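Chemist: Residues 597 to 780, numbered by my numbering, are exactly what the sequence shown covers, in order. Starting off with a structure, shown below.
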Amino acid sequence: MRVLLSIALIAVASIFTIELADAGPAPPQLRNKSIVTRFVLQIQQRAPDGRFATPAINVGYTIYVSSAGRSFIRQSRSINNPYFSASRTTEAGPGQTQSGNSEQREMQFSGGKLVGNAVFISGAARMQIGFDPSYARCDVNIQFGKAGGAPIKWKGLDGVMYTVESVTPTGMTCTIQDGNAFSS
597 MRVLLSIALI
607 AVASIFTIEL
617 ADAGPAPPQL
627 RNKSIVTRFV
637 LQIQQRAPDG
647 RFATPAINVG
657 YTIYVSSAGR
667 SFIRQSRSIN
677 NPYFSASRTT
687 EAGPGQTQSG
697 NSEQREMQFS
707 GGKLVGNAVF
717 ISGAARMQIG
727 FDPSYARCDV
737 NIQFGKAGGA
747 PIKWKGLDGV
757 MYTVESVTPT
767 GMTCTIQDGN
777 AFSS
């Protein structure tokens, strides 16, 4: 069971690995603020040898928008259960890619929202962070999709492809804080 959960974590580690793109300017109301999101991914996936795994991965994003409108991101993922514990944190600045095995990654401001996309070997994920008119509150929405009925497949950090039978984001929270969350 420990090995299967290790495989599950490796496969999930590439989820929501994104690049910060400078496609859209950050709204002035978000400058010198930090956006913090947290959620849990409840996953059912099949390992290459046919075994079934059901990891719950804790995911967090902290995005700091500087006074110049440049965005910096820290992503954390962790799993902690009786069989396996691990965590990983990655960081990126504007135009930098966080390490991972998604085939395409981006995050940008678009239509008043902060949108992150990850395209996998088969299927994709989209995270949208929406804001109230005053940019004092936020919410997060995550969607996974597949094309033409094909299953979602992603490549784990070990280079092995996994087939996802279901992935459900739960416990989604989003907050906006004044200042740079990375400086404390």
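Backbone N, C-alpha and C fix where the C-beta goes; we use that ideal spot for every residue, glycine too. Computed from a predicted structure; not experimentally measured.
1. Per DSSP, what are the beta-bridge partners of residue 684 in this structure?
2. Do the region 656-669 and the region 627-644 meet, that is, are 3 or more Cβ pairs less than 8 Å apart?
3. Can you determine whether any heavy atom of the ligand MG sits closer than 8 Å to the C-beta of residue 750, and answer yes or no?
4. Which same chain residues, not among the five before or five after residue 728, have their C-beta less than 8 Å away from its C-beta?
5. Buried or exposed for residue 651, going by 16 or more other Cβ atoms inside 10 Å?
6. Considering only residues of the region 622-650, which uninterrupted beta strand (DSSP E) runs meet the minimum length of 3 residues and lie entirely inside it, listed in chain order?
7. By how many angstroms is the C-alpha of residue 683 removed from the C-alpha of residue 674?
8. Within 10 Å of its beta-carbon, does residue 706 have 16 or more other beta-carbons around it, so buried, or fewer, so exposed?
9. Keeping to the same chain, check which residues put their C-beta closer than 8 Å to that of residue 646; ignore five residues upstream and five downstream.
10. Within 10 Å of its beta-carbon, does residue 754 have 16 or more other beta-carbons around it, so buried, or fewer, so exposed?
11. Work out the CA separation of residue 731 and residue 626 for me, nearest whole Å.
12. Give the range of the beta strand (DSSP E) segment to which residue 659 is assigned.
13. With residue 774 as the anchor, note down where its beta strand (DSSP E) starts and where it stops.
14. Across the region 754-769 and the region 659-673, are there enough close Cβ pairs to call them in contact, namely three or more that are closer than 8 Å?
15. Tell me the DSSP secondary structure of residue 743 in three-state form.
16. Verify whether the separation of the beta carbon atoms of residue 757 and residue 738 is less than 9 Å.
Modeler: Per the coordinate set shown:
1. 673
2. Per the Cβ contact rule, the region 656-669 is in contact with the region 627-644 (3 or more Cβ pairs under 8 Å).
3. As far as ligands go, the structure on display features none, and thus does not contain the ligand MG.
4. If we look at residue 728 and ignore the five residues flanking it on each side, its Cβ neighbours are 734.
5. buried
6. 629-642
7. 4 Å
8. exposed
9. none
10. The predicted position of residue 754 is uncertain, since its pLDDT is 49 and thus under 50; a value taken from the coordinates is nonetheless stated next. Answer is exposed; the Cβ neighbour count stays below 16.
11. Between residue 626 and residue 731, the C-alpha separation is close to 7 Å.
12. 652-661
13. 757-774
14. no
15. Of the three classes helix, strand and coil, the one that applies to residue 743 here is coil, per DSSP.
16. no
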